[in-house]
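Before any comments, here is the structure.
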Amino acid sequence: MKRTDSLRASSGPNTPRTGRQLEAELGRRLAAAGLNSPRAEARQIARHVLGDEPLLVQELSPRDIAAGRELVAARLTGRPLQHILGEMAFRSLTLVSDERALIVRPETELVAGVAIDAALRAGSAPRVLDLGTGSGAIALAIATEVPGAVVIGVDLSAEALSLAHVNAERCRADFAPGARVAFVHADLRSYTPEPVVDVLVSNPPYLPADERVPAEVAHDPDLALRGGGADGLDLPFAVLSAGWRALAPGGVLVLEHHDAQGRALRAAASAQGYEQAHTGRDLTGRDRYLWARRPTECQMGPKRGRIPA
Numbered sequence: 011m012k013r014t015d016s017l018r019a020s021s022g023p024n025t026p027r028t029g030r031q032l033e034a035e036l037g038r039r040l041a042a043a044g045l046n047s048p049r050a051e052a053r054q055i056a057r058h059v060l061g062d063e064p065l066l067v068q069e070l071s072p073r074d075i076a077a078g079r080e081l082v083a084a085r086l087t088g089r090p091l092q093h094i095l096g097e098m099a100f101r102s103l104t105l106v107s108d109e110r111a112l113i114v115r116p117e118t119e120l121v122a123g124v125a126i127d128a129a130l131r132a133g134s135a136p137r138v139l140d141l142g143t144g145s146g147a148i149a150l151a152i153a154t155e156v157p158g159a160v161v162i163g164v165d166l167s168a169e170a171l172s173l174a175h176v177n178a179e180r181c182r183a184d185f186a187p188g189a190r191v192a193f194v195h196a197d198l199r200s201y202t203p204e205p206v207v208d209v210l211v212s213n214p215p216y217l218p219a220d221e222r223v224p225a226e227v228a229h230d231p232d233l234a235l236r237g238g239g240a241d242g243l244d245l246p247f248a249v250l251s252a253g254w255r256a257l258a259p260g261g262v263l264v265l266e267h268h269d270a271q272g273r274a275l276r277a278a279a280s281a282q283g284y285e286q287a288h289t290g291r292d293l294t295g296r297d298r299y300l301w302a303r304r305p306t307e308c309q310m311g312p313k314r315g316r317i318p319a
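If you read the sequence shown in my numbering, its first letter stands for residue 11, the second for the next number, and so on.
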């Protein structure tokens, strides 16, 4: 059957005629499949097909209807909506999203906000290091919200960095005055910036080895998910060590982590010599990130190896 014939065959008394009706139909299909946010996803799909205000569209073409239904059909296969639409929202930004890098999620927006606040308090032209930058989301959010920021995004994945460069070009016009971003292909376990930085922020891989992930998360690169070791703490601990090398005296570390890792990371940070180590919670009340400061004056060097909880 040709495409035009299939569109005619799909028409009938229940065929949506307006953007509102199409959105409602898509929402029913998503809800019937058991998705958690069917109405929100239906609205995103309808707006992707029809524009920013689909509810104002009075007459739909058969092509519009088919496009919306095809996107829902793809969603029902388990593919993340961000990959289907090719974009994801992060704070004020709309970024390209595909299989090259982790899909950023709402809790990471909170972590980015904490790092942005620390950078703004650091004075003019703060230097910020984003370890495990992935799509570049955190680095680019900082560049758009902190005037004069010099941001370095580091990642081990060349594919992720290729996506970060795409997103940087997309966002460059929105950078705050004087802000700039550079991306570096390197391992966060050994990378040391020169000169040192005022803020280090990281959303590293941190999932424990045996933790099962939802179907959508399984589409993220495995390199971006598992933190190493049974408890997933190898890479988060490596970020603590990297922070000791990278941060200027008085510099701030903001580290996203698994909700079961807060106590271990607070203890490790304090044992390494950081001050004011405390855990921040996300909007669901779960432990989500470590905040710690490198002392202004400290003779203590970094300790080696894993530090037990």
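Think of the CB as a built atom: it goes at the ideal place given N, C-alpha and C, for glycine as much as any other residue.
CA-to-CA distance, residue j to residue i, given in whole angstroms
i	j	result
I113	Y201	24 Å
A258	N46	44 Å
R89	E285	42 Å
A189	G61	31 Å
E307	C181	38 Å
L40	L105	24 Å
R73	E80	10 Å
A43	L86	7 Å
S251	R199	8 Å
R38	P26	13 Å
R13	I75	Because the pLDDT of R13 is 40, which lies under 50, any placement of that residue in the model is unreliable, and the number read from its coordinates should be weighed accordingly. Rounded to the nearest angstrom, the two C-alpha atoms are 12 Å apart.
T118	V156	17 Å
D108	A278	34 Å
Q31	A84	20 Å
D165	S71	44 Å
K313	A50	At K313 the pLDDT is 45, less than 50, meaning the model places this residue with poor confidence; the figure from the coordinates comes in the next sentence. Spanning the two alpha carbons is a distance of roughly 47 Å.
G295	A219	24 Å
A125	A192	17 Å
S145	D127	21 Å
A196	S280	27 Å
S167	V161	18 Å
P48	E221	26 Å
C-beta contact flag for residue i and residue j at 8 Å
i	j	result
V209	A122	no
G163	A149	yes
A52	E33	yes
R115	V207	no
L103	A151	yes
V110	A178	Per the sequence shown, the amino acid found at residue 110 is Arg instead of Val. In this structure, A178 does not lie closer than 8 Å to R110 by Cβ.
H185	A153	The displayed chain sequence assigns Phe, not His, to residue 185. In this structure, A153 lies closer than 8 Å to F185 by Cβ.
G78	I94	no
V223	L235	yes
A256	P305	no
D297	D269	yes
Q271	W254	no
F100	A129	no
V82	L36	yes
Enclosing beta strand (DSSP E) for residue i [first to last residue]
i	result
D336	With the chain running from 11 to 319 in the structure shown, residue 336 is simply not present.
S133	In the sequence under discussion, the amino acid at residue 133 is Gly, which differs from the Ser named in the question. Unbroken run through G133: none, as it is neither H nor E.
V262	257-266
L300	297-303
H195	190-195
Residue interval of the alpha helix (DSSP H) (run including residue i)
i	result
L275	272-282
G78	72-85
E155	147-155
E2	Lying outside 11 to 319, the shown extent of the chain, residue 2 is not represented and no answer is given.
H175	168-181
L91	91-95
Cβ separation of residue i and residue j, assumed to be a contact under 8 Å, to the nearest whole Å
i	j	result
P246	L275	6 Å
Taking 8 Å as the threshold, find out whether the segment 248-266 comes into contact with the segment 292-309 through three or more Cβ pairs.
Touching, yes.
Evaluate contact between the segment 231-247 and the segment 285-293, counting only Cβ atoms and requiring at least three cross-stretch pairs below 8 Å.
Counting Cβ pairs under 8 Å, fewer than three are found: no touch.
Three or more beta-carbon pairs under 8 Å between the segment 137-149 and the segment 202-222, yes or no?
Under the three-pair Cβ rule at 8 Å, the segment 137-149 counts as touching the segment 202-222.
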